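**Student:** Line order of the protein sequences matches chains D and B.
Position in the first sequence (first residue = 1) + 1 = this note's numbering.
Position in the second sequence (first residue = 1) + 4 = this note's numbering.
We treat Cβ as the ideally placed atom computed from N, Cα and C, and that holds for glycine.
Keep in mind it's a predicted model, so treat the numbers as computed, not measured.
One structure, as structure tokens, below. Some questions next.
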Amino acid sequence: MARADDNHLETLVRQALEQTPTSPSATDPLGTLDRRVRRARRRLAAGAGAVAAGIVAAVVIPLTVGGGGGAPGSVGVVSSPSESPSPPPPNTSALWTGNAVWATTDPSGRRWMLYDDGGQKYVTELTGGTAKPIAVNDPADYIVAGDNVVWVIGGGASGPGGQGSLLTAIDMRTGIVATPLMETGALSFGAVIGDYLFVDVAGGSGDQVEAFQSNGNEIKAFDSQSVPHAGEMVVADGRIWVHSGDKLVELFLSERGIDHGVTVPWGSGQMFAPTLPRSGPGGVWAYDGSRLIGLMPKALSGCVSCAEGDRVAVPGKPNAVVETHDGLYVSVPGSGLYFYSPDALGSGETPVTASIPGVRVITMTADPTGGVDYVDDQGNLIHWTPPAR
Amino acid sequence: MVDARLADYVRGQWPQLVRYATALCGDAAEAEELVQSALVRVALRWPLIRDKDNPDAYVRRAIANGYLTVWRRVRSREVRVAETPDVAGPDAMSGFDDVMTVGRALATLPPRQRAVLVLRYLEDRSEQETADLLGCSVGTVKSQSAKALAKLRGAVEGGEL
């Protein structure tokens, strides 16, 4: 409605804006929001997975379909196959079907998975043989693996009552679960250096990046640094880059705890994963609105163009990126999973070497035997080795 | 689940939020994505929100910020081409034509100018409220508003975009 003090033009502006349609779709916005919040909580930089790339590991035999069992805190044996998986896409094999939540690879090349068996969450190593599921308490949304500890992170805004997060640490060597730590703030993202976990904590005192360590029995907060609007984080060349609004903040471990390095401008888009040294030391893959950029954050203090290495045209905004010695794997929601061979990288018009159209990837991690393992939106853990060109 | 208070808010305000976002970005489908993205950010930072029973300002600020960052980059790659009416309308329709002209001209404004007009004239926000929502000064709101209105005036007086 026009107001008495409007001039004619302002009246026109009101009328034009009031013609804005009010016809939201009939989809379930709350259900969509809940799913997206849960996925956002699970999303983390694929640092650990990419670090593992190229590490020679034992031959991995595709697992049987497994359910897992056992009381919380106990160690059991993966159960026998329960159902027939649907045919996987070409050049893929199903490692797990139906209830996979998250998968990651530790720096030594061991693969770990979080899965949900009837409401009980378990962490298990993907060994190709009998695995030992380790029950963990909810909320448990995603996992990050360090040298000797698998960290389980869950909750926050999507947790019980909308408050608090749960952090669990599993000693890989013993399978012992340290007493979970209940955080009042919301935990999100995550990266590891050694066995230190770095995670964003949004709480009453503002955003912080907090470091945790586990002594096997309990989890202790090691140090924290205030990082306003802390978002995704990527470990590259031993440094942690944290996306902070329109900046990238460098953090690193010292004897004193977490220290600040440089802060550089980067308002373009999300960071995903470290680049391999082929692209230069300390690089990260970041999205600039239409391309993935092999970005050297430190060089951003000089100029943007000199900080940008490989430029890879991608078909949309990615949600997961992993670079291995095979090449670059990029998941684009609503589009599919794409692979770019090393030869194809390096130009702004990088051709796709191989793809799986339509697949909806929740997370993916490097497979030490080559290719990637991804969790799809149906709870399947799928291994993909792109065909040779 | 997201916090019950946020869920209640989303249930009650979803159409209004989508309309607000549509006015900002100009596309209903993109608007829903804009709102969803903003709500995810709000949900992730829920512990920081002081007035959990009334997160409206926080959500609308998140929508505006999302529009001014993500959408600005996407839109900056697109070249908007104004549509020219096939034929001139009769005099009786001149008022309607002016509204249509302003509507098309709004779509060509830079994101921040458009956001200022949406907040001032659709949402009926004061200059101070608009500044708070956009994270800028009142002076910036005034200057952006003046520039935007000057462009719209030019579009109406020139009869073309």
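Nearest chain D C-beta to B:Pro51 closer than 8 Å, yes or no?
**Tutor:** Position 47 of the second sequence, counted from the start, is the residue given in the question as residue 51 of chain B. At least one chain D Cβ lies under 8 Å of B:Pro51.
**Student:** Return the CA-CA distance between B:Gly107 and B:Ser41, expressed in angstroms with no decimal places.
**Tutor:** Stepping through the second sequence from its first residue, residue 107 of chain B is reached at position 103. Stepping through the second sequence from its first residue, residue 41 of chain B is reached at position 37. Each residue's Cα considered, the two are about 26 Å apart.
**Student:** Decide if the stretch 377-389 of chain D is in contact with the stretch 8-18 of chain B; the criterion is three or more beta carbon pairs, one per stretch, under 8 Å apart.
**Tutor:** They do not touch, by the three-pair rule.
**Student:** Could you check how far apart the C-beta atoms of B:Leu123 and B:Thr112 are, in whole angstroms? I think they sit under 8 Å.
**Tutor:** Residue 123 of chain B sits at position 119 when you count from the first residue of the second sequence. Residue 112 of chain B sits at position 108 when you count from the first residue of the second sequence. 18 Å between Cβ atoms; not a contact.
**Student:** Determine the contact status of D:Gly119 and D:Asp139, defining contact as a CB-CB distance below 8 Å.
**Tutor:** Taking the first residue of the first sequence as 1, we reach residue 119 of chain D at position 118. Taking the first residue of the first sequence as 1, we reach residue 139 of chain D at position 138. Cβ distance not < 8 Å, so D:Gly119 and D:Asp139 don't count as in contact.
**Student:** Taking 8 Å as the threshold, find out whether the stretch 356-363 of chain D comes into contact with the stretch 330-342 of chain D through three or more Cβ pairs.
**Tutor:** Yes: the two stretches touch, three or more of their Cβ pairs being nearer than 8 Å.
**Student:** Could you tell me the alpha carbon to alpha carbon distance between D:Leu34 and B:Leu43, rounded to whole angstroms?
**Tutor:** Mapped onto the first sequence, residue 34 of chain D falls at position 33. Mapped onto the second sequence, residue 43 of chain B falls at position 39. When rounded, the distance between both Cα atoms is 7 Å.
**Student:** So D:Met15 is in the beta strand (DSSP E); what residue range does that whole segment cover?
**Tutor:** For the purposes of this step, residue 15 of chain D is taken as residue 14 along the first sequence, with counting starting at 1. Note that residue 15 of chain D is Arg in the sequence shown here, rather than Met. No beta strand (DSSP E) holds D:Arg15; the alpha helix (DSSP H) holding it covers His9 to Glu19.
**Student:** Do we get a CB-CB distance below 8 Å when we pair D:Glu19 with the residues of chain B?
**Tutor:** Translated into the one-based positions of the first sequence, residue 19 of chain D becomes position 18. Interface residue, yes.
**Student:** In chain order, what are the residue ranges of uninterrupted alpha helix (DSSP H) at least 4 long that sit wholly in the stretch 215-263 of chain D?
**Tutor:** The qualifying runs do not exist here; there are none.
**Student:** I'd like to know if B:Val145 contacts chain D, where contact means its C-beta is closer than 8 Å to some C-beta of that chain.
**Tutor:** By one-based count along the second sequence, residue 145 of chain B stands at place 141. Judged by the 8 Å Cβ criterion, B:Val145 is not in contact with chain D.
**Student:** For a quick check, are the C-beta atoms of D:Pro369 and D:Gly110 less than 8 Å apart?
**Tutor:** Residue 369 of chain D sits at position 368 when you count from the first residue of the first sequence. Residue 110 of chain D sits at position 109 when you count from the first residue of the first sequence. A contact, by the Cβ cut-off of 8 Å.
**Student:** For D:Ala203, which residues in chain B fall below 7 Å Cβ to Cβ?
**Tutor:** Mapped onto the first sequence, residue 203 of chain D falls at position 202. The answer, in chain order, is Leu48, Arg49, Pro51 and Leu52.
**Student:** If you follow the alpha helix (DSSP H) that B:Arg65 is in, where does it begin and where does it stop?
**Tutor:** The sequence position of residue 65 of chain B within the second sequence is 61, counting from 1. Residues Asp60 to Gly70.
**Student:** Helix or strand or just coil, what does DSSP make of D:Gly303?
**Tutor:** Taking the first sequence and counting its residues from 1, one reaches residue 303 of chain D at position 302. Here D:Gly303 sits in coil by DSSP.
**Student:** Quick one: list the residues of chain D neighbouring B:Leu110, beta-carbon separation under 8 Å, in chain order.
**Tutor:** Taking the second sequence and counting its residues from 1, one reaches residue 110 of chain B at position 106. Near B:Leu110 (Cβ distances below 8 Å), the residues of chain D are Val14, Ala17 and Leu18.
**Student:** Using DSSP with H/G/I as helix, E/B as strand and the rest coil, what is B:Glu127?
**Tutor:** Your numbering for residue 127 of chain B matches position 123 in the second sequence. It is coil, neither helix nor strand.
**Student:** Taking 7 Å as the limit between beta carbons, can you name the residues of its chain near D:Asp378, skipping five residues before and five after?
**Tutor:** As a working note, residue 378 of chain D is residue 377 in the first sequence. For D:Asp378, where only same-chain residues beyond five positions count, the Cβ hits under 7 Å are Arg361 and Ile363.
**Student:** Chain D beta carbons: is any one of them nearer than 8 Å to that of B:Asp136?
**Tutor:** Along the second sequence, one-based indexing puts residue 136 of chain B at 132. So, not an interface residue.
**Student:** Per DSSP, which one or two residues make a beta bridge with D:Gly337?
**Tutor:** Against the first sequence, residue 337 of chain D aligns to sequence position 336. For D:Gly337, which the question treats as bridged, DSSP gives the partners D:Val333 and D:Pro358.
**Student:** D:Ala203 and B:Arg49: beta carbons closer than 8 Å?
**Tutor:** In the first sequence, the residue the question calls residue 203 of chain D occupies position 202. In the second sequence, the residue the question calls residue 49 of chain B occupies position 45. In this structure, B:Arg49 lies closer than 8 Å to D:Ala203 by Cβ.
**Student:** Here's the rule I'm using: 16 or more other beta-carbon atoms within 10 Å means buried, otherwise exposed. How should D:Lys122 be labelled?
**Tutor:** As a position in the first sequence, residue 122 of chain D is number 121, starting the count at 1. Counting Cβ neighbours within 10 Å, D:Lys122 comes out buried, since at least 16 surround it.
**Student:** Taking the alpha helix (DSSP H) that D:Val151 falls in, what are its first and last residues?
**Tutor:** As a first step, residue 151 of chain D is located in the first sequence; it is residue number 150 there, counting from the start. Note, D:Val151: premise wrong, no alpha helix (DSSP H); beta strand (DSSP E) at Val150 to Gly156.
**Student:** Count the other C-beta atoms from every protein chain shown that fall within 10 angstroms of the C-beta of B:Thr105, then say buried if there are 16 or more, exposed otherwise.
**Tutor:** Here residue 105 of chain B corresponds to residue number 101 of the second sequence, with the count starting at 1. B:Thr105 is buried by the Cβ-count criterion.
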